[in-house]
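Put into structure tokens, the structure is as follows:
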């Protein structure tokens, strides 16, 4: 029950990503590549976090504000955001025509869904099927992962569409996605009343942002994506 609950929101999001009343989005090689790369990325991130835990414990007092700050802002957040991005980058590298932000965000959101699902299932396995944890990860962590990918996706779109300052756009995307990610984790992990309240408020902002911005971008993808345009053109030709 806990395992299913931890990924139920992800299942709904993936369904919305592929649901289109007018056009059918093909499940092409890119999708399968992203799934494969995310499995590898999740394993590498888990191993990296495990090996970095001891050096951090030697440098800072465990569970202190400094330890949690460094852990989330320097190690966890950048690693996870890079993992989600690199999977999409490698899977779509050969597609020179991939420039629409709707298409880019489609793959980044799908990548975030797969990564979040793997992470949620791992947490539930480690904590013996904790039902409350499954609920929190499903309705807080997952939407946050999607929000971070939307932020990264905005700057990655600029990266693809401009010939100058490309590295600047990429670094901005990584910085802002990691900053929101790290701040969210810090607020939730540092167990004082003030920080927990900040974390709750930030979570609500993230959730609201996802539903208002993310859902609209998904809708725009379904209406204006390269696939939709190509299929529409084919239908017009056939009708003639």
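Numbering (the working numbering), first residue to last: 1333 to 1572.
Where is the CB? At the ideal position from N, CA and C, for every residue including glycine.
Exposed unless 16 or more other CB atoms sit within 10 angstroms - verdict on residue i
i            : result
residue 1456 : buried
residue 1356 : Here residue 1356 scores only 49 on pLDDT, less than 50, and its place in the model is too uncertain to base an answer on.
residue 1364 : exposed
residue 1390 : exposed
residue 1377 : buried
residue 1459 : exposed
residue 1383 : exposed
residue 1395 : exposed
Cβ-based neighbour list, residue i, same chain, cut-off 8 angstroms, excluding 5 preceding and 5 following
i            : result
residue 1334 : 1456, 1461, 1462, 1463, 1465 and 1466
residue 1381 : 1407, 1408 and 1411
residue 1415 : 1370, 1373, 1374, 1376, 1377 and 1447
residue 1422 : 1365 and 1369
Distance CB(residue i)-CB(residue j) smaller than 8 angstroms
i            : j            : result
residue 1490 : residue 1480 : no
residue 1453 : residue 1366 : no
residue 1362 : residue 1488 : no
residue 1404 : residue 1514 : yes
residue 1349 : residue 1441 : yes
residue 1386 : residue 1509 : no
Cut-off 7 angstroms between Cβ atoms - residues of its own chain near residue i, not counting five sequence neighbours on either side
i            : result
residue 1451 : 1374
Neighbourhood of residue i by C-beta distance below 6 angstroms, restricted to the same chain and skipping five residues each side
i            : result
residue 1445 : 1342, 1345 and 1346
Review point. Could you give the uninterrupted runs of the alpha helix (DSSP H) lying entirely in the segment 1473 to 1519, keeping only those of 4 residues or more?
Key: 1474 to 1493
Check your understanding: Taking the runs of the alpha helix (DSSP H) that are 4 residues or longer, which of them lie wholly in the segment 1364 to 1432?
Key -> 1397 to 1402 and 1409 to 1424
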